[in-house]
Structure formats: C-alpha cells, structure tokens
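Numbering (our numbering), first residue to last: 7 to 471.
Report on the following structure.
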C-alpha cells in the first residue's frame with residue numbers, strides 16, 4: 007500500500023481514539039487492528055465489556071444496512087462472540103475465511119446435531135448445505151440461552167473462494183455471494199438488526215465486502231454509481247484503517263467495474279467488457295432488435311402458421327432458397343416483416359383448408375399454374391381459383407367428387423357463394439316469445455310417427471311446477 011494512501015486513511019480518522027482496545031491485548035489478534043472507542047461493541051453482561059468488533063453504517067448511501075465488522079474469534083473470545091450475537095439480536099453471520107486460516111479453531115459445531123457450549127450460550131448445528139456456488143456454504147445454527155431457555159435461529163454464510171494471501175481470480179463468485187447475503191438480509195423479521203461480517207484480521211476482506219454491498223444495493227435501487235473512495239473514507243471513520251493492502255483496493259475497483267458491466271450487458275446497453283489491464287475489445291456480437299421479438303414466439307407454432315413444416319410444390323433447392331429468403335426478410339424487417347408474413351401465412355392456411363374440401367382434386371393439381379407476379383414465398387399455398395377450376399373440370403367423373411352435393415361445390419366458388427336471408431315470417435332469433443307462446447315460437451310441438459320422442463313436450467321441464 008503506498009504511504010500516501012495509508013496517510014490519507016489515518017488523516018481521515020482524525021482524532022478518533024482506540025484507547026480501550028489497547029487495554030485488552032489478549033483479545034486482539036493483531037496489535038494494530040483495533041476498534042474505535044466510539045463505534046466498538048459493548049457487552050454489558052460480560053465480566054468486561056470489550057470485544058474487537060465495530061458498529062458500521064455507511065452514511066454515503068440510503069440503501070445500506072447496519073453491520074458489525076469483527077475479527078475471527080479466538081478460543082479465548084468464543085464466549086464473548088456468542089454473547090455479542092445474543093445481545094445484539096443478530097440473525098446472519100458472514101464468514102470470509104476458511105477453517106485452515108484459523109488453524110481449525112472454529113466457533114461452531116462441525117457435525118449435524120452436535121452442540122457446543124460457550125458460557126451461557128449453547129450452539130447446535132441444524133443443517134449444512136451449499137449456498138448458491140461451490141465456494142459458498144450455508145449453516146443453520148440454533149443458539150439457546152441457558153438462563154432464559156430461549157432459542158434463536160442463526161444463518162451462517164461462509165465464503166471459501168478467497169485464497170490466503172491472494173485475491174480471487176474473478177469477482178463473480180464474491181459478487182454472487184454478496185447477493186446471497188442480501189437475499190437473506192431481506193428475509194429478516196427486523197431489517198434494522200445488524201449483520202456480522204468477519205474475516206481473520208477484521209479488515210481487508212470485510213471492508214471490501216462491506217463497500218461492495220453498499221455499491222451493489224445503491225446501483226440496483228437507484229441506478230447511481232457511488233464513489234468508492236468516499237465509501238472507504240466513510241468506513242475508515244468507523245473501523246480503523248479498513249484496507250491496508252493495495253491488492254484489496256485494486257480488487258475492490260475491479261469488482262465494482264465487473265458488476266456495473268454485468269448490469270449494463272443484462273440490459274442490452276453494453277456488448278463488450280473491459281478490464282483495468284486490457285483496453286476496449288473489438289465487437290464480437292451485434293444485437294438485432296428483432297432477436298428479442300423472435301424469442302417471444304413459439305417456433306413450432308410460428309412454423310405451422312407460416313407453413314414451413316409442409317412440403318411445397320417447388321424443388322428442394324428452390325424451397326430451401328425461399329426459406330432462407332423468408333428468414334432473412336424476417337430479421338431485416340423486424341416486427342413489421344413478421345406481422346406481414348403471419349398475415350400471408352394465415353391467407354395461405356385458409357386457402358389450404360378451402361382446397362382440402364376437394365380431397366383428391368387438390369392432390370392432383372399438377373396442371374395448376376401460379377398467377378404471375380405473386381411470389382410463393384413459403385412454397386406451400388395453393389390458388390383458390392385453380393382449385394375451383396380443377397374441381398369443375400373433374401366434374402362427376404371422379405368417384406370421390408360424386409358424393410359432394412352440388413350446393414357444396416357451388417359454395418367453393420367465391421363468386422357463387424352467398425348467405426341466403428331468412429325466409430319471410432320465420433325468425434331465427436330465440437326470444438322470450440319462443441317460450442311464452444310455443445305455437446308461434448321455435449319450440450312448436452310436432453307429431454312425427456317415425457320419431458318416438460316427438461310426443462314429448464320440449465318445455466316439459468319448465469312446466470313441472
């Protein structure tokens with residue numbers, strides 16, 4: 007870390023005191039990593055009220071939540087740690103170190119169902135599972151106070167993707183882990199209860215995670231990019247020298263850039279990513295506005311509507327070329343091209359349904375010619391006039407057409423098809439009079455010797471009462 011930056015952090019700390027922490031050297035992992043007197047956690051029920059932990063609430067954003075940053079507990083401070091969890095009513099603990107980094111000195115049970123006692127607090131491991139990624143894990147702990155017999159549930163989230171003495175290869179897993187922490191924090195019954203973040207020294211990793219958390223929440227909530235330097239200054243006023251290593255500072259800015267670019271790419275604004283080590287890359291992908299429109303359609307239904315799944319009358323090469331031209335026109339014309347093609351496909355489908363009434367007459371339509379000037383784009387539509395002429399030319403010589411009534415054959419001709427008006431004096435509309443006066447309505451009782459049910463009054467169910 008450059009001396010100028012260290013001096014800058016110490017200057018921002020001003021006249022803040024760490025006098026109380028110096029009185030308890032056995033409770034501090036490192037002699038130079040101490041909590042300020044005005045933000046330190048106090049334990050009223052303990053013999054002495056000291057623990058190396060600090061209240062942190064970043065004032066630079068309205069979307070951050072209260073935190074407690076602390077060092078990894080030592081065997082001599084396990085009881086103090088769980089006393090702090092109980093008195094501060096903590097529901098979520100975030101651990102950023104592995105078991106090996108603390109030489110196996112864990113403050114939680116390792117086996118399911120096992121319990122450990124720390125002073126007046128009993129801790130039981132209820133469940134253990136992965137939390138989103140292969141480097142993050144979730145434990146559900148039950149803590150019970152021996153005196154009051156009350157039991158609370160603690161969510162313990164551990165991130166193992168931070169190698170000792172180095173930085174993660176990619177910010178992605180850490181950002182996903184922080185998002186997982188946000189998800190659990192939103193599920194808290196009381197959103198004002200603090201979340202504990204601990205790493206081995208109580209700064210560095212904890213400070214990076216704290217600043218990233220506020221940066222991410224502000225960007226997602228308001229679309230505003232916070233000044234990371236100002237967040238660091240705000241943190242230094244509450245936790246002594248939040249970042250001591252320049253690699254942590256570099257990783258913090260890289261992770262913020264990574265998250266911002268990811269948001270822009272998901273919204274379709276950014277197509278290329280850049281890092282601090284590399285310049286802007288050449289474009290490798292171009293978004294087509296029609297791509298989103300096409301993705302909203304069910305392609306199987308789209309193909310059936312357009313007739314792409316049926317064989318046309320063209321040769322294989324011509325059909326393939328027409329399909330390619332149709333696809334190209336869809337992408338080039340966007341939504342307007344799709345709507346026009348759907349209309350053409352619907353007209354073609356109606357022609358096919360009309361032609362299917364002619365059965366074998368449609369199947370043997372090799373002599374039909376396509377009208378000049380009309381492009382058979384999909385290669386599967388048939389001309390209605392050609393179908394009608396073919397049916398007329400066949401006449402009754404075809405046995406399959408002999409069974410079709412002349413009225414139905416005439417209805418296939420658009421020039422002859424018409425809807426006859428209702429006969430005079432006969433109303434097709436059912437009104438109240440149809441029920442009140444059956445002799446004049448549509449429910450007139452008629453006797454038909456060939457119909458055994460003709461003697462039944464159609465309104466018998468209404469006359470039962």
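Where a beta carbon is used, it is the ideal one built from N, C-alpha and C, also for glycine.
Just so we're clear, the structure is a prediction, and the values are computed from it rather than from any experiment.
Is residue 48 helix, strand or coil when you go by DSSP?
In the three-state DSSP reduction, residue 48 falls in the strand class (E or B).
Residue 212, buried or exposed, once every other Cβ within 10 Å from all chains shown has been counted against 16:
With 16 or more other CB atoms across the displayed protein chains lying within 10 angstroms of its CB, residue 212 is buried.
Measure from the alpha carbon of residue 6 to the alpha carbon of each residue in 107, 83, 60 and 96, then state which is nearest.
This structure cannot settle anything about residue 6, because the visible part of the chain is limited to 7 through 471.
Using a threshold of 8 Å, state whether the C-beta atoms of residue 130 and residue 148 are closer than that.
In this structure, the beta-carbon distance from residue 130 to residue 148 falls below 8 Å.
Taking the alpha-carbon of residue 74 as reference, which of 97, 177 and 109 has the nearest alpha-carbon?
Ranking the options by Cα distance to residue 74, first place goes to 97.
Give the secondary structure of residue 209 by DSSP, where H, G and I count as helix, E and B as strand, and everything else as coil.
Correct three-state label for residue 209: coil.
State buried or exposed for residue 177, treating a residue as buried only when at least 16 other CB atoms are found within 10 Å of its CB.
Answer is buried; the Cβ neighbour count reaches 16.
Three-state secondary structure (DSSP) of residue 35:
Look at residue 35 here: in three-state DSSP terms it is coil, with no helix or strand label.
Is the region 231 to 238 close to the region 110 to 127, with three or more CB pairs under 8 Å?
The region 110 to 127 and the region 231 to 238 do not touch, with fewer than three beta-carbon pairs separated by less than 8 Å.
Quick check on DSSP: helix, strand or coil for residue 53?
Three-state result, residue 53: coil.
Using 8 Å as the threshold, is the region 183 to 196 in touch with the region 150 to 168, meaning 3 or more CB pairs across them?
Three or more pairs of CB atoms, one per stretch, sit closer than 8 Å, so the region 183 to 196 contacts the region 150 to 168.
Check whether the Cβ atoms of residue 57 and residue 209 sit closer than 8 Å, and answer yes or no.
In this structure, residue 209 does not lie closer than 8 Å to residue 57 by Cβ.
Quick check on residue 107: does DSSP put it in helix, strand or coil?
The three-state secondary structure of residue 107, taken from DSSP, is helix.
Is any non-hydrogen atom of the ligand GTP found closer than 7 Å to the C-beta of residue 221, if you look at the structure I gave you?
Ligands displayed in this structure: none; no statement on the ligand GTP is therefore possible.
Is it buried or exposed for residue 127, if we count other Cβ within 10 angstroms and need 16 for buried?
Buried, because 16 or more other Cβ atoms sit within 10 Å of the Cβ of residue 127.
Who are the near neighbours of residue 142 in its chain, counting only those whose CB is closer than 6 Å to its CB and skipping five residues on each side?
Only 165 and 183 meet the Cβ criterion.
First through last residue of the beta strand (DSSP E) which encompasses residue 133
Element bounds for residue 133: 127 to 137.
Looking at residue 217 and residue 258, is the spacing between their C-beta atoms short of 8 Å?
A contact, by the Cβ cut-off of 8 Å.
Apart from the five residues just before and just after residue 108, which ones in its own chain have a Cβ nearer than 7 Å to its Cβ?
So the qualifying residues of the chain are 78 and 206.
Cβ shell of residue 71 (< 7 Å), same chain only, five flanking positions each side left out:
Residues of the same chain with a CB within less than 7 Å of the CB of residue 71, apart from the 5 flanking positions on each side, are 191, 197 and 201 in chain order.
Note the first and the last residue of the continuous beta strand (DSSP E) segment covering residue 183.
Taken as a continuous stretch (DSSP letters only), residue 183 belongs to no beta strand (DSSP E), being part of the alpha helix (DSSP H) at 178 to 192.
Just the Cα atoms here: how many angstroms apart are residue 65 and residue 188?
Answer to the nearest angstrom: the Cα atoms are 18 Å apart.
Residues near residue 36 in its chain [Cβ-Cβ closer than 6 Å; skip 5 each side]:
In its chain, beyond the 5 residues on either side, 207 have a beta carbon closer than 6 Å to the beta carbon of residue 36.
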